[in-house]
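Note that my numbering has the sequence shown beginning at 1, numbered continuously upward.
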Amino acid sequence: MLEAHRMYYKLIRMINEFCEIFKYPLASLLLLLICMTCVTGYSCCRALFGKPLMINAPITECLTLFLNINYLLELYILTLTTNLTSKLHENILHDLRTTFCDSDLVERSNVWLALQITSQNTSINIFGVLNINLQLIFPLVSGIILHIIYIIQSDYNYM
Numbered sequence: 001m002l003e004a005h006r007m008y009y010k011l012i013r014m015i016n017e018f019c020e021i022f023k024y025p026l027a028s029l030l031l032l033l034i035c036m037t038c039v040t041g042y043s044c045c046r047a048l049f050g051k052p053l054m055i056n057a058p059i060t061e062c063l064t065l066f067l068n069i070n071y072l073l074e075l076y077i078l079t080l081t082t083n084l085t086s087k088l089h090e091n092i093l094h095d096l097r098t099t100f101c102d103s104d105l106v107e108r109s110n111v112w113l114a115l116q117i118t119s120q121n122t123s124i125n126i127f128g129v130l131n132i133n134l135q136l137i138f139p140l141v142s143g144i145i146l147h148i149i150y151i152i153q154s155d156y157n158y159m
């Protein structure tokens, strides 16, 4: 079980090194994916509730919507990847505690690991570039939705 503990630390170090090396390319990719997710929301609202554009054919709007949904799914996969270590720790801590419950060294390291992960779970840290407090997720998502509604409303005002 100590080997599993060491492998878990190696996984955390590997992800931290990966994030440190590719900090700025991943940040620009994250910005691109967030922008394309907003465009996806706009395209969905326009396809469901809006008037079709006279410039483009309806097949072009459907194709654009499907291409933008691809970016939305990439953003989902990216967030799942960044939350990988926080999802693994519960099972690892349970396995370590049930097998070596009498060892003081393992118990102290488990407590330290639990404190580390608890402090990391108070905010979402995306590749070491963007830190989002969990209490700010609702205002962030509602702000994105309000921007999409504003884009749709201003689009209708000019048509």
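From the three backbone atoms N, C-alpha and C, an ideal C-beta is built for every residue, glycine too.
Going by DSSP, what residue range makes up the alpha helix (DSSP H) through residue i?
i          : result
residue 49 : 23 to 49
Between the C-alpha atoms of residue i and residue j, what's the straight-line distance to the nearest angstrom?
i           : j          : result
residue 26  : residue 32 : 10 Å
residue 34  : residue 75 : 7 Å
residue 159 : residue 60 : With a pLDDT of 45 at residue 159, under the threshold of 50, the predicted position of this residue should be treated as unreliable, though the coordinate-derived value follows. So the two alpha carbons sit approximately 19 Å from each other.
residue 17  : residue 9  : 12 Å
residue 145 : residue 23 : 27 Å
residue 6   : residue 21 : 22 Å
residue 45  : residue 36 : 14 Å
residue 3   : residue 11 : 12 Å
residue 73  : residue 49 : 23 Å
residue 30  : residue 71 : 10 Å
residue 77  : residue 69 : 12 Å
residue 47  : residue 80 : 28 Å
Under a Cβ-count criterion, where at least 16 other Cβ atoms within 10 Å of its own Cβ denotes burial, should residue i be classed as buried or exposed?
i          : result
residue 14 : exposed
Inter-stretch contact at 8 Å, needing at least 3 Cβ pairs: the segment 63 to 70 / the segment 38 to 46 = yes
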